[in-house]
Amino acid sequence: MLKQFVVFPLEDELYGVDIHQVMRIEKMLSLTRVPNAPPFVIGVCNLRGSVIPVIDLKQRLALPSNLDENAKIIFVNVGKQVVGMTIDSAVDVTSIDSDEIEPSPSLVTGIDSQFIQGVAKVSNRLLIILDMERVLTVDQLNVLADMD
Amino acid sequence: MGPKNRILIVDDAAFMRMMIRDILTKNNFEVVGEATNGEEAVSKYIELQPDLVTLDITMPGMDGVTVLKKIREYDPSARVVMCSAMGQQAMVVEAIQNGAKDFINKPFHPQKVVEILRRALR
Amino acid sequence: MTVENIDLNSYLPIFIEETKDNIQLISSNLLRLEHNADDVEAINEIFRAAHTLKGMSATMGYTEISQLAHQAENLLDEVRQNNARINSEMITGFFHFVDEFEAQLQSLVETGAPRKIAPERFQEILAPFSPAQAAATEIPWEAAEEGQCYLLEIFFSRDCQLPQARAMIICNQLNSVGKLLKTSPSQEQLAQLEQLDKLVCIVSDIRPEEVRALLEGGVEVDYYTIEKYSCDEDPETQDAQEEGEFSQPQAGEDSDSRHDPLVLRPTIRVDTEKLDQLLNLVSELVINKTTLLQATTNYPVLADGVEHLHRLTSELQVIVMKMRMIPLETVFNRFPRMVRDTAIALDKLVNLEIRGGDTELDRTIIDDIADPLVHLLRNAVDHGIESVEERLSRGKPRTGTIRLEAYQTGNQVVIEVSDDGRGLDIEQIRAKSRELRLVGPDAEASELANLIFTPGFSTADNVTDLSGRGVGLDVVKNSIEALGGSIDVFSRPNEGTTFKISLPLTLAIIQGLLVRCSEEIYVIPLSYITETGIVFPEEIQTIGQQDIVMLRGKVLPIVYLRKLLGIDSHSSAEELNLVVVRYGERQIGIIVDDLLGQQDIVIKNVNWGEQFFRCFLGCSILGDGSVVLILDINVLLSVTRVREVNNA
Chain A
5 MLKQFVVFPL EDELYGVDIH QVMRIEKMLS LTRVPNAPPF VIGVCNLRGS VIPVIDLKQR
65 LALPSNLDEN AKIIFVNVGK QVVGMTIDSA VDVTSIDSDE IEPSPSLVTG IDSQFIQGVA
125 KVSNRLLIIL DMERVLTVDQ LNVLADMD
Chain B
102 MGPKNRILIV DDAAFMRMMI RDILTKNNFE VVGEATNGEE AVSKYIELQP DLVTLDITMP
162 GMDGVTVLKK IREYDPSARV VMCSAMGQQA MVVEAIQNGA KDFINKPFHP QKVVEILRRA
222 LR
Chain C
20 MTVENIDLNS YLPIFIEETK DNIQLISSNL LRLEHNADDV EAINEIFRAA HTLKGMSATM
80 GYTEISQLAH QAENLLDEVR QNNARINSEM ITGFFHFVDE FEAQLQSLVE TGAPRKIAPE
140 RFQEILAPFS PAQAAATEIP WEAAEEGQCY LLEIFFSRDC QLPQARAMII CNQLNSVGKL
200 LKTSPSQEQL AQLEQLDKLV CIVSDIRPEE VRALLEGGVE VDYYTIEKYS CDEDPETQDA
260 QEEGEFSQPQ AGEDSDSRHD PLVLRPTIRV DTEKLDQLLN LVSELVINKT TLLQATTNYP
320 VLADGVEHLH RLTSELQVIV MKMRMIPLET VFNRFPRMVR DTAIALDKLV NLEIRGGDTE
380 LDRTIIDDIA DPLVHLLRNA VDHGIESVEE RLSRGKPRTG TIRLEAYQTG NQVVIEVSDD
440 GRGLDIEQIR AKSRELRLVG PDAEASELAN LIFTPGFSTA DNVTDLSGRG VGLDVVKNSI
500 EALGGSIDVF SRPNEGTTFK ISLPLTLAII QGLLVRCSEE IYVIPLSYIT ETGIVFPEEI
560 QTIGQQDIVM LRGKVLPIVY LRKLLGIDSH SSAEELNLVV VRYGERQIGI IVDDLLGQQD
620 IVIKNVNWGE QFFRCFLGCS ILGDGSVVLI LDINVLLSVT RVREVNNA
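Residue numbers (the numbering used here), protein chains in the order written: chain A, 5 to 152; chain B, 102 to 223; chain C, 20 to 667.
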């Protein structure tokens, strides 16, 4: 069965998100900082009257972060939770047969394997399919511990 | 004459796609893409941003009404015309309630298809 | 208008033959009624014959006959609905119909076309009926409306496929170019209809050319008429009868007395985004007003003007809030069909009663209430209402009833979803909750009932496709609570279950003080604040490690908002703005960079990562579209360990 993914490059790799989880992609919006939140939570934005948190996907994946003016925000909807994630720029849509998706993330380096749902070859490049639920699941961090 | 209207055709049957494509290209529409199932329809819509989608109401997997909802969730101003056969009244009604611009009934009368699409594009 | 030519003549002989039969059927049953006015079967026979006539003549395109049959059908229906006895005047009236049918048939045989019915003739036919009954043949107009409305009658051609769907599309299109005030059949009915030959609409805010553009150039619409319609004219003086071939709808007696007449005022359609912009602008105006208020405190000559401005902006704010309210029926309207489909899928008989659709709620809440209600209604059909056999064996009516009712009490809107089904199985819940160690052995039934909102708590032994799968009632509860509402359940075995949802009338709105901290703006809820003021840096003393100021002879511990929010730099201002807040039994001063003013704050919640927003009650959007965070003073101060300072 063919599955569709929104594909974008981060650093040297291609990453993909299931198209059904993608609500919309916007240019960088003005963000309001959320004090005392971890660094990957870079703020909240006004998306058509709703307040949506925005995370820096590269920071979340422990990749070096360097947002520039080409950055876009990809809004994903996972289990009724809507979150924006900053990505570098270009976005594409591609279809992959589900048989071609390797479940084993062992050959991938660079990001934490818990975020990886699977990998596939797309025109001789490796596409890392992100497990959005994992990316958006954040442990109950003691975010206030370092105050005062 | 302004730029041609860009149409995405969604139908699981190759025959129907070919027929619609023929009708449309002969009548000065531009067919920018074809999709054979619901998932593909949604992603092609996002990718191609067509002016209008002709959408088969019954397809294996995701049905037309679900596809319609997904497309309109992504783009509330999306223009979608449903393609239905006899006996699908309930689904047609549901599609209209969910924002379908119009519907065309199989078997297609070319003139009628063109007329309905032109009207939906207004 | 071009219509594909089908040779109707080949059908004409059989049409004439069957029409004769049906006219005969009406006549003979009218005679039966004359002998026995209570003969229900006779009324039903006439009704059926009229209905057949209507359908056949519509198929042939003989609108005169089909409309006539339609009127007769409506009159009979009116009689049936009200259990009114047929009197001899009415029988005479129905015989007038028979006469006219025969005249039409004559005309058909002789000229090949039906004859026009003059308005006088029609009045003559209707004369024996009381005004209320006659009104039943017309669209029950409740409208009283100023401004230019148009009455639009659209007749669908016989080769129109799915005319009811076509009618819905026309309604959508009319609504996109103008305002559709009323249709007959109603838009809700359209979805349920099997056939349709005519749609009547009242539209306003539309140019006739736009209507023409919509309706012409298609083969589906046989013909249509459009004329000016003044909704506010006195029905007595309205001379509309002379205009058209058929009666004009009049603001006559409302034949359906269960509903209050709906008074429609002139309205315009506004993009909701514009409304949001307006709300944001008004909010900004309030901020500016407050700034002005502070700036002019030293100029008494301006006091009156500023005070007036203050009142005006407050009123403006109230009006804008009201503009955002829309009736619940916009959501309720889709439920009859959904319940019907669900019931059919589950092979159950269910009647959905809807009340209070005119109850208004803030648009944002309306948007989010549909899903939880769908869930509850599906649950009611699936788990609440029993199968027909089970209902009969319990001595209940075959058809189950689900009631959806909305009403306003005080500042809350209540929506109840109740069914007369089997009720919650309290013993099963008790067993399950013991298994999950949720309650003690002697928990009350009401306590147990509310456990069904616990995540993962499902006792449905038969998980169907329609409900009970995946998302449970905990999701419903969460959605309701996210809207600032609450949900309760009440149930009695074998009598049914009621879910009661209480929602705030408008969005959660609080009074807040906007403060600046470095380059950022935050909101402090007014409910925490006891006073605001100014302190000079030299007034600040340090006791132990705690900074304090003396306020009216008392020690006031102070904290710096910059520090609380992780901003390292210090303000170098010559005077510091102080916000004194209540924190438990104590008072604490918070130093902020600037006081920007006080305003109503619409709280918006973020639905992800709540642990990162612990210091905040929520967010709000200001007039310029920027997002501000609302400080949760209790949490913020609880983590800063403001040191106790001896007040002695």
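Glycine included, every Cβ here is placed at the ideal spot set by N, Cα and C.
(request) Count the other CB atoms, across all protein chains shown, that sit within 10 Å of the CB of T332 (chain C); report buried if there are 16 or more and exposed otherwise. (result) buried
(message) Going by DSSP, what residue range makes up the beta strand (DSSP E) through R177 (chain C)?
(response) For R177 (chain C), there is no enclosing beta strand (DSSP E), since its DSSP letter is neither H nor E.
(request) Give the straight-line distance between the Cα atoms of F265 (chain C) and P133 (chain C), rounded to the nearest whole angstrom. (result) Because F265 (chain C) carries a pLDDT of 34, less than 50, the predicted location of this residue cannot be relied on, and no value is offered for it.
(message) Looking at the strands, I want to know which residues DSSP matches up with L597 (chain C).
(response) Its beta-bridge partners are C:G552, C:I610.
(message) Does any residue of chain C have a CB that is nearer than 8 angstroms to the CB of N128 (chain B)?
(response) no
(request) Report yes if the C-beta distance between W627 (chain C) and Q85 (chain A) is below 8 angstroms; otherwise report no. (result) The answer is yes: Cβ separation under 8 angstroms.
(request) Please say whether G197 (chain C) and S176 (chain C) have beta carbons closer to each other than 8 angstroms? (result) Not closer than 8 angstroms, so no.
(message) Mapping the DSSP letters down to three states, classify Q144 (chain A) as helix, strand or coil.
(response) Its pLDDT being 44, under 50, Q144 (chain A) is placed unreliably by the model, and the measurement read from it follows with that caveat. DSSP places Q144 (chain A) in coil when its eight states are reduced to three.
(request) Confirm, please, whether the CB-CB distance from F119 (chain A) to L130 (chain A) is below 8 angstroms. (result) no
(message) Let me make sure I understand the geometry here. Which of A:L51, A:I46, A:V87 has the alpha-carbon closest to that of N70 (chain A)?
(response) Cα-wise, what sits closest to N70 (chain A) is A:I46.
(request) Using a Cβ cut-off of 9 angstroms, pull out every chain A residue sitting near I384 (chain C), in sequence order please. (result) Those within 9 angstroms of I384 (chain C) in chain A number zero; the least Cβ separation is about 13 angstroms.
(message) According to DSSP, is F130 (chain B) part of a helix, a strand, or is it coil?
(response) strand
(request) Give the residues of chain B in contact with S99 (chain A), contact being defined as C-beta atoms less than 9 angstroms apart. (result) Against chain B, a Cβ distance below 9 angstroms from S99 (chain A) picks out E140, E141, S144.
(request) Tell whether a beta-carbon distance below 8 angstroms holds between V87 (chain A) and I56 (chain A). (result) yes
(message) With a threshold of 6 angstroms on Cβ separation, who are the neighbours of P355 (chain C) within its own chain once the five nearest residues in sequence on each side are excluded?
(response) The residues are L371.
(request) Report all residues from its chain with a CB closer than 7 angstroms to the CB of R633 (chain C); omit the five preceding and five following residues, and keep chain order. (result) V654
(message) Taking the beta carbon of S498 (chain C) as the centre, do at least 16 other beta carbons fall within 10 Å, making it buried, or is it exposed?
(response) buried
(message) Does F119 (chain A) come out as helix, strand or coil in the three-state DSSP assignment?
(response) helix
(request) Have a look at P104 (chain B) and E292 (chain C) and give me their C-alpha separation to the nearest angstrom. (result) 30 angstroms
(message) Going by the DSSP bridge assignment, what does G139 (chain B) pair with across the sheet?
(response) When beta bridges are read from the DSSP output, G139 (chain B) appears opposite no residue.
(message) For a test of the three-state rule: what should DSSP assign to K451 (chain C), helix, strand or coil?
(response) helix
(request) Closer than 7 angstroms, Cβ to Cβ, to anything on chain C: give me those residues from the segment 179-193 of chain B, in chain order. (result) Q190, V193
(message) Excluding the 5 residues flanking K247 (chain C) on each side, which residues of the same chain have their C-beta closer than 7 angstroms to its C-beta?
(response) Q167, Y169
(message) Taking CB distances under 8 angstroms as the criterion, tell me whether L392 (chain C) reaches chain B.
(response) no
(message) If I measure Cβ to Cβ from R185 (chain C) and keep anything under 7 angstroms in the same chain, skipping five residues before and after, which residues do I get?
(response) Result list for R185 (chain C): F175, C179, E239, in chain order.
(request) Tell me F141 (chain C)'s beta-bridge partners as DSSP assigns them. (result) F141 (chain C) pairs with nothing; no bridge assigned.
(message) Any beta carbon of chain B sitting closer than 8 angstroms to that of R52 (chain A)?
(response) no
(request) Give the DSSP bridge partners of F12 (chain A), in chain order. (result) Its beta-bridge partners are A:Y19.
(message) Helix, strand or coil, according to DSSP, for L233 (chain C) in the structure here?
(response) helix
(request) State the DSSP-derived secondary structure class of Y602 (chain C), mapped to helix, strand or coil. (result) Note: Y602 (chain C) maps to strand in three-state DSSP.
(request) Let me know if V181 (chain B) comes out buried or exposed under the rule of 16 or more other beta-carbons within 10 Å of its beta-carbon. (result) buried
(message) Along the segment 26-54 of chain A, where does the CB come closer than 9 angstroms to a CB of chain C? Name the residues.
(response) S34, L35, T36, R37, V38, P39, N40, A41, P42, V45, G47, V48, C49, N50, R52, G53, S54
(request) Assign G403 (chain C) to one of three DSSP states: helix, strand, or coil. (result) helix
(message) Closer than 7 angstroms between beta carbons: that is the criterion. Which residues of the segment 149-160 of chain B meet it against chain C?
(response) none
(request) Measure from the C-beta of I23 (chain A) to each C-beta in chain B and report whether the shortest distance is under 8 angstroms. (result) Yes, I23 (chain A) lies at the interface with chain B (some Cβ there is under 8 angstroms from its Cβ).
(request) Using the Cα positions of Q427 (chain C) and N398 (chain C), report the straight-line distance between them to the nearest angstrom. (result) 24 angstroms
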